[in-house]
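All letters in the sequence shown, in the order written, are residues 908 to 1007 by this note's numbering.
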Amino acid sequence: MTPMDIQQKLNQYRYHFIVTILVSSIVAVLSYAAPSLLTVLAYFWPLFASTTVLLLVIVVFGGASQLTTEDHGEKAGEGLLDYVAAARPEHMDEEPRRFD
């Protein structure tokens, strides 16, 4: 390869080099300027703790509500679904009204 071939190859990929240098520079500046992980955890620990407690409460009460539903012998809302899904024969023969 001659130096001219190398120069042409470098010119062919110059935008790739520029983008790579820019992205590397941005990542380096952000990693230097960003707070440490311990700082972020120290700031947000009340949020993490309350979210954990809320999820545990949902799991506990979700399991308790499933146990009480099984005691009644039917699934929750099954009677309501049967009522809503029931087709009334007196309404099946009517044609829909037209308001022209």
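Even for Gly, the Cβ is constructed at its ideal location relative to N, Cα and C.
None of the values given here were measured: they were computed from a predicted structure.
Item	Value
Thr959 in three-state terms, based on DSSP	helix
Ser938 versus Val991: straight-line alpha-carbon distance, rounded	58 Å
Sequence-distant residues of the same chain with beta carbon closer than 7 Å to His923, five excluded per side	none
Coarse secondary structure for Pro953, derived from DSSP in three states	helix
Element boundaries [alpha helix (DSSP H), containing Ala941]	Run containing Ala941: none; DSSP gives neither H nor E here.
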